[in-house]
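Below is one structure; the comments refer to it alone.
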Amino acid sequence: MTRFTRRNFIVMSTLAAGFALCARPISSQTIFTDREGLIAGEVKIPVSDGKIPAYRAMPDTGSDFPVVLVVQEIFGVHEHIQDVCRRFAKLGYLAIAPEMYARQGDVSQMTEIQEIIEKVVSKVPDEQVMADLDATLTWAETSSQGNLDKVGITGFCWGGRVVWLYAAHNPQVKAGVAWYGRLVGESTELTPQHPVDIAESLTVPILGLYGGQDDLIPLDTVEQMRDRLDAGNSDSEIVVYPDAPHGFHADYRPTYREEVARDAWQKLLVWFEQYGVV
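Taking mature numbering (1 follows the signal peptide of the UniProt record, and there is no 0), I'd label the letters of the sequence shown as residues -22 to -1, 1 to 256.
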(Lines of atoms letter the chains of each structure in order from A and count residues from 1; the text may use other names and numbers.)
(Lines give C-alpha, C1' and ligand atoms only; values in the text may rest on other atoms or scores of the structure.)
Protein backbone atom coordinates (compact mmCIF):
# COMPACT_ATOMS: atom_id res chain seq x y z
CA MET A 1 0.00 0.00 0.00
CA THR A 2 1.32 3.45 -0.91
CA ARG A 3 1.93 5.84 1.98
CA PHE A 4 1.84 9.62 1.74
CA THR A 5 3.61 11.65 4.40
CA ARG A 6 4.24 15.34 4.99
CA ARG A 7 7.90 14.57 4.44
CA ASN A 8 7.33 13.93 0.73
CA PHE A 9 4.27 16.13 0.17
CA ILE A 10 5.30 19.24 -1.76
CA VAL A 11 1.99 20.83 -2.72
CA MET A 12 1.47 23.63 -5.21
CA SER A 13 0.24 26.65 -3.25
CA THR A 14 -2.43 27.77 -5.70
CA LEU A 15 -4.36 26.59 -8.73
CA ALA A 16 -3.23 27.59 -12.19
CA ALA A 17 -4.64 30.85 -13.53
CA GLY A 18 -6.30 30.74 -16.93
CA PHE A 19 -5.67 27.87 -19.32
CA ALA A 20 -2.78 25.42 -19.22
CA LEU A 21 -0.02 26.31 -21.69
CA CYS A 22 -0.31 22.92 -23.34
CA ALA A 23 -3.97 23.62 -24.15
CA ARG A 24 -3.28 26.77 -26.14
CA PRO A 25 -4.10 28.43 -28.52
CA ILE A 26 -7.59 28.93 -27.09
CA SER A 27 -10.57 28.59 -29.41
CA SER A 28 -12.94 31.47 -30.13
CA GLN A 29 -15.78 29.12 -29.14
CA THR A 30 -14.63 29.04 -25.52
CA ILE A 31 -17.49 29.36 -23.05
CA PHE A 32 -17.12 31.64 -20.02
CA THR A 33 -19.60 31.33 -17.16
CA ASP A 34 -19.76 34.39 -14.91
CA ARG A 35 -19.71 34.38 -11.11
CA GLU A 36 -22.91 36.35 -10.59
CA GLY A 37 -24.97 34.72 -7.84
CA LEU A 38 -22.12 32.37 -6.95
CA ILE A 39 -19.41 31.84 -4.41
CA ALA A 40 -16.55 30.66 -6.59
CA GLY A 41 -12.80 30.40 -6.22
CA GLU A 42 -9.92 28.46 -4.78
CA VAL A 43 -10.15 26.59 -1.49
CA LYS A 44 -7.81 24.26 0.39
CA ILE A 45 -8.87 20.68 1.12
CA PRO A 46 -7.34 19.00 4.20
CA VAL A 47 -5.99 15.57 3.28
CA SER A 48 -4.08 12.97 5.25
CA ASP A 49 -0.70 14.58 4.64
CA GLY A 50 -1.41 18.29 4.23
CA LYS A 51 -3.75 20.36 2.08
CA ILE A 52 -4.44 20.39 -1.65
CA PRO A 53 -5.92 23.26 -3.68
CA ALA A 54 -9.34 22.91 -5.27
CA TYR A 55 -11.80 25.05 -7.18
CA ARG A 56 -15.20 25.36 -5.51
CA ALA A 57 -18.35 26.93 -6.97
CA MET A 58 -21.78 27.09 -5.29
CA PRO A 59 -24.83 29.36 -5.09
CA ASP A 60 -24.31 32.37 -2.84
CA THR A 61 -27.53 31.66 -0.95
CA GLY A 62 -29.09 28.47 0.38
CA SER A 63 -27.71 25.27 1.85
CA ASP A 64 -27.95 21.49 1.61
CA PHE A 65 -26.58 21.57 -1.93
CA PRO A 66 -26.21 18.41 -4.02
CA VAL A 67 -22.49 17.80 -4.53
CA VAL A 68 -20.67 17.18 -7.80
CA LEU A 69 -17.04 16.16 -7.84
CA VAL A 70 -15.47 17.44 -11.07
CA VAL A 71 -12.35 15.50 -12.00
CA GLN A 72 -9.84 17.27 -14.20
CA GLU A 73 -8.48 16.52 -17.63
CA ILE A 74 -4.79 15.76 -18.08
CA PHE A 75 -4.16 19.53 -18.00
CA GLY A 76 -5.16 19.92 -14.34
CA VAL A 77 -7.74 22.23 -12.81
CA HIS A 78 -7.34 25.01 -15.35
CA GLU A 79 -9.93 27.54 -16.54
CA HIS A 80 -12.09 25.08 -18.46
CA ILE A 81 -12.58 22.79 -15.45
CA GLN A 82 -13.25 25.82 -13.27
CA ASP A 83 -15.88 26.99 -15.73
CA VAL A 84 -17.56 23.57 -15.63
CA CYS A 85 -17.80 23.98 -11.84
CA ARG A 86 -19.50 27.36 -12.29
CA ARG A 87 -21.96 25.84 -14.78
CA PHE A 88 -23.01 23.32 -12.15
CA ALA A 89 -23.24 26.03 -9.48
CA LYS A 90 -25.59 28.06 -11.67
CA LEU A 91 -27.90 25.02 -11.56
CA GLY A 92 -27.85 24.83 -7.76
CA TYR A 93 -24.97 22.40 -7.21
CA LEU A 94 -21.92 22.60 -5.02
CA ALA A 95 -19.21 21.66 -7.51
CA ILE A 96 -15.62 21.00 -6.46
CA ALA A 97 -12.57 20.17 -8.57
CA PRO A 98 -9.59 19.15 -6.40
CA GLU A 99 -6.13 19.37 -7.96
CA MET A 100 -5.26 15.70 -8.33
CA TYR A 101 -1.62 16.31 -9.25
CA ALA A 102 -0.82 18.55 -6.27
CA ARG A 103 1.93 16.30 -4.91
CA GLN A 104 3.47 15.36 -8.25
CA GLY A 105 3.83 18.72 -9.99
CA ASP A 106 2.32 21.72 -11.76
CA VAL A 107 1.36 20.87 -15.34
CA SER A 108 -0.03 24.32 -16.14
CA GLN A 109 3.33 25.59 -17.44
CA MET A 110 4.25 22.50 -19.45
CA THR A 111 3.93 22.81 -23.22
CA GLU A 112 4.02 19.17 -24.33
CA ILE A 113 1.53 16.43 -23.45
CA GLN A 114 4.27 13.81 -23.33
CA GLU A 115 6.12 15.90 -20.75
CA ILE A 116 2.96 16.06 -18.63
CA ILE A 117 2.53 12.30 -18.84
CA GLU A 118 6.13 11.40 -18.07
CA LYS A 119 6.88 13.96 -15.37
CA VAL A 120 3.55 14.10 -13.56
CA VAL A 121 0.65 11.88 -14.61
CA SER A 122 2.63 8.63 -14.63
CA LYS A 123 3.52 9.25 -10.98
CA VAL A 124 -0.02 9.74 -9.64
CA PRO A 125 -1.25 6.68 -7.69
CA ASP A 126 -4.92 5.72 -7.91
CA GLU A 127 -4.87 5.22 -4.14
CA GLN A 128 -3.94 8.87 -3.67
CA VAL A 129 -6.71 10.00 -6.03
CA MET A 130 -9.37 7.97 -4.23
CA ALA A 131 -8.26 9.27 -0.81
CA ASP A 132 -8.21 12.90 -1.99
CA LEU A 133 -11.72 12.62 -3.42
CA ASP A 134 -12.91 11.11 -0.13
CA ALA A 135 -11.37 14.07 1.68
CA THR A 136 -13.03 16.48 -0.73
CA LEU A 137 -16.45 15.07 0.06
CA THR A 138 -15.81 15.40 3.79
CA TRP A 139 -14.79 19.01 3.27
CA ALA A 140 -17.86 19.67 1.12
CA GLU A 141 -20.17 18.67 3.94
CA THR A 142 -18.37 20.48 6.75
CA SER A 143 -17.38 23.69 4.97
CA SER A 144 -19.83 24.34 2.14
CA GLN A 145 -23.26 23.01 3.13
CA GLY A 146 -22.96 20.02 0.86
CA ASN A 147 -25.52 17.22 1.10
CA LEU A 148 -23.65 13.92 0.98
CA ASP A 149 -26.89 12.05 0.35
CA LYS A 150 -26.80 13.62 -3.11
CA VAL A 151 -23.32 13.05 -4.51
CA GLY A 152 -22.44 12.87 -8.18
CA ILE A 153 -19.12 12.72 -9.99
CA THR A 154 -18.07 13.66 -13.49
CA GLY A 155 -14.68 13.80 -15.16
CA PHE A 156 -13.05 14.34 -18.52
CA CYS A 157 -10.33 12.33 -20.29
CA TRP A 158 -7.92 11.45 -17.43
CA GLY A 159 -10.76 12.23 -15.07
CA GLY A 160 -13.20 10.11 -17.04
CA ARG A 161 -11.25 7.01 -16.05
CA VAL A 162 -11.31 8.18 -12.43
CA VAL A 163 -15.11 8.45 -12.47
CA TRP A 164 -15.50 4.72 -13.04
CA LEU A 165 -12.92 3.82 -10.40
CA TYR A 166 -14.21 6.20 -7.74
CA ALA A 167 -17.77 4.96 -8.15
CA ALA A 168 -16.48 1.47 -7.39
CA HIS A 169 -14.43 2.80 -4.47
CA ASN A 170 -17.15 4.85 -2.78
CA PRO A 171 -20.76 3.62 -2.97
CA GLN A 172 -21.81 6.91 -1.37
CA VAL A 173 -21.77 8.25 -4.93
CA LYS A 174 -25.30 8.19 -6.34
CA ALA A 175 -24.37 8.55 -10.01
CA GLY A 176 -21.50 9.44 -12.29
CA VAL A 177 -20.83 10.63 -15.82
CA ALA A 178 -17.51 9.71 -17.47
CA TRP A 179 -16.44 11.70 -20.51
CA TYR A 180 -14.12 9.78 -22.87
CA GLY A 181 -12.03 8.22 -20.10
CA ARG A 182 -9.60 5.38 -20.74
CA LEU A 183 -11.13 1.97 -20.00
CA VAL A 184 -8.31 -0.56 -20.26
CA GLY A 185 -4.64 -0.52 -19.39
CA GLU A 186 -1.71 -2.28 -17.85
CA SER A 187 -1.95 -3.20 -14.17
CA THR A 188 0.85 -1.50 -12.24
CA GLU A 189 1.59 -0.68 -8.62
CA LEU A 190 0.18 2.82 -9.07
CA THR A 191 -2.74 1.81 -11.33
CA PRO A 192 -3.67 -1.73 -10.25
CA GLN A 193 -7.12 -1.69 -11.86
CA HIS A 194 -8.88 -0.05 -14.74
CA PRO A 195 -12.58 0.52 -15.44
CA VAL A 196 -12.99 -2.72 -17.39
CA ASP A 197 -11.71 -4.64 -14.34
CA ILE A 198 -14.43 -3.32 -12.01
CA ALA A 199 -17.30 -3.11 -14.49
CA GLU A 200 -19.09 -6.32 -13.52
CA SER A 201 -19.02 -5.54 -9.79
CA LEU A 202 -20.01 -1.89 -10.18
CA THR A 203 -23.26 -0.91 -8.44
CA VAL A 204 -23.27 2.87 -8.93
CA PRO A 205 -24.93 3.91 -12.22
CA ILE A 206 -22.40 5.53 -14.57
CA LEU A 207 -23.12 7.14 -17.91
CA GLY A 208 -20.15 6.86 -20.26
CA LEU A 209 -19.89 9.43 -23.05
CA TYR A 210 -17.51 8.51 -25.88
CA GLY A 211 -16.65 9.53 -29.43
CA GLY A 212 -16.65 7.20 -32.40
CA GLN A 213 -13.67 9.06 -33.89
CA ASP A 214 -11.62 9.11 -30.68
CA ASP A 215 -8.02 8.34 -31.59
CA LEU A 216 -7.09 7.75 -27.92
CA ILE A 217 -9.95 5.47 -26.81
CA PRO A 218 -10.36 2.58 -29.30
CA LEU A 219 -13.96 1.60 -29.94
CA ASP A 220 -13.21 -2.05 -29.24
CA THR A 221 -12.34 -1.11 -25.65
CA VAL A 222 -15.62 0.78 -25.36
CA GLU A 223 -17.49 -2.31 -26.55
CA GLN A 224 -15.50 -4.46 -24.14
CA MET A 225 -16.56 -2.18 -21.30
CA ARG A 226 -20.18 -2.27 -22.42
CA ASP A 227 -20.15 -6.08 -22.45
CA ARG A 228 -18.71 -6.18 -18.92
CA LEU A 229 -21.33 -3.72 -17.70
CA ASP A 230 -24.11 -5.80 -19.25
CA ALA A 231 -22.82 -8.79 -17.29
CA GLY A 232 -22.97 -6.86 -14.02
CA ASN A 233 -25.66 -5.38 -11.81
CA SER A 234 -25.43 -1.61 -12.30
CA ASP A 235 -27.71 0.55 -14.42
CA SER A 236 -24.69 1.96 -16.23
CA GLU A 237 -24.88 2.91 -19.89
CA ILE A 238 -22.48 4.00 -22.61
CA VAL A 239 -23.35 6.47 -25.37
CA VAL A 240 -21.10 6.71 -28.42
CA TYR A 241 -21.34 9.75 -30.68
CA PRO A 242 -20.23 8.28 -34.03
CA ASP A 243 -18.57 11.36 -35.52
CA ALA A 244 -17.13 12.88 -32.34
CA PRO A 245 -13.38 12.98 -31.57
CA HIS A 246 -11.68 12.82 -28.21
CA GLY A 247 -12.29 15.99 -26.18
CA PHE A 248 -15.59 16.86 -27.87
CA HIS A 249 -16.78 18.74 -24.76
CA ALA A 250 -13.62 20.88 -24.48
CA ASP A 251 -14.95 24.14 -25.93
CA TYR A 252 -11.54 25.82 -25.74
CA ARG A 253 -9.94 23.30 -28.15
CA PRO A 254 -10.35 22.43 -31.87
CA THR A 255 -11.86 19.06 -30.87
CA TYR A 256 -15.00 20.80 -29.56
CA ARG A 257 -18.25 19.72 -31.20
CA GLU A 258 -20.96 22.09 -30.03
CA GLU A 259 -24.03 20.02 -30.93
CA VAL A 260 -22.62 16.83 -29.44
CA ALA A 261 -21.38 18.63 -26.32
CA ARG A 262 -24.79 20.20 -25.68
CA ASP A 263 -26.57 16.90 -26.14
CA ALA A 264 -24.12 15.11 -23.82
CA TRP A 265 -24.46 17.83 -21.16
CA GLN A 266 -28.23 17.46 -21.20
CA LYS A 267 -27.85 13.70 -20.86
CA LEU A 268 -25.63 14.32 -17.83
CA LEU A 269 -28.25 16.52 -16.18
CA VAL A 270 -31.02 14.01 -16.83
CA TRP A 271 -28.80 11.21 -15.50
CA PHE A 272 -28.11 13.06 -12.27
CA GLU A 273 -31.80 13.88 -11.83
CA GLN A 274 -32.79 10.28 -12.52
CA TYR A 275 -30.52 8.99 -9.79
CA GLY A 276 -31.13 11.63 -7.15
CA VAL A 277 -28.23 14.03 -7.58
CA VAL A 278 -30.43 17.12 -7.63
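Beta carbons: idealized from backbone N, C-alpha and C, even for Gly.
Please read all numbers here as calculations on a predicted model, not as lab measurements.
- Collapsing the DSSP output to three states places Val151 in coil.
- The continuous stretches of beta strand (DSSP E) do not include Phe66, which lies in the alpha helix (DSSP H) extending over residues Glu57 to Lys68.
- Its chain contains Asp229, Tyr230, Tyr234 and Glu236 as the residues whose beta carbon lies nearer than 8 Å to that of Gln7, once the 5 sequence neighbours on both sides are disregarded; these appear in chain order.
- Taking the Cα positions, Asp241 is about 10 Å away from Leu247.
- With a contact defined as Cβ atoms closer than 8 Å, Val48 and Ala75 qualify at about 4 Å.
- Here the alpha carbons of Pro3 and His172 stand approximately 32 Å from one another.
- With a threshold of 16 other beta carbon atoms within 10 Å, Pro220 falls short and is exposed.
- Residue state for Tyr144 is assigned as helix, using DSSP reduced to three classes.
- As the crow flies, the alpha-carbon of His224 is around 17 Å from that of Met203.
- One thing to note: Ile59 has its Cβ no nearer than 9 Å to the Cβ of Trp117.
- At a Cβ-Cβ threshold of 9 Å, Gly190 and Ala222 count as neighbours.
- In the structure shown, the three-state DSSP call for Thr132 is strand.
- In the three-state reduction of the DSSP assignment, Pro173 falls in the helix class.
- Counted as a single uninterrupted DSSP element, the beta strand (DSSP E) harbouring Glu20 occupies residues Leu16 to Val25.
- The three-state reading of DSSP puts Val49 in strand, counting E and B together.
- Trp136 and Gln82 do not touch by the CB rule: their CB atoms are close to 12 Å apart, not below 8 Å.
- When the Cα atoms are used, Ser179 and Val107 turn out to be separated by approximately 20 Å.
- Under the Cβ criterion (8 Å, minimum of three pairs), the region 84 to 93 does not count as touching the region 151 to 163.
- Judged by DSSP in its simplified three-state form, Met108 adopts helix.
- In the structure shown, Gly190 falls within a coil segment according to DSSP collapsed to helix, strand and coil.
- Under the DSSP assignment, Lys97 falls outside any beta strand (DSSP E), being part of the alpha helix (DSSP H) whose first and last residues are Ile91 to Lys97.
- With contact defined as three or more Cβ pairs closer than 8 Å, the region 115 to 134 and the region 37 to 46 are in contact.
- Gly159 and Gly133 do touch by the CB rule: their CB atoms are close to 7 Å apart, below 8 Å.
- Using a Cβ distance threshold of 9 Å, Ile176 and Leu197 do not count as a contacting pair.
- By the CB criterion at 9 Å, Leu161 and Ile131 fall outside the cutoff.
- Taking each of Pro170, Glu201, Leu(-8) and Ala73 in turn and checking the Cα distance to Phe53, the smallest one comes out for Leu(-8).
- Taken through DSSP and simplified to helix, strand or coil, Arg2 comes out as coil.
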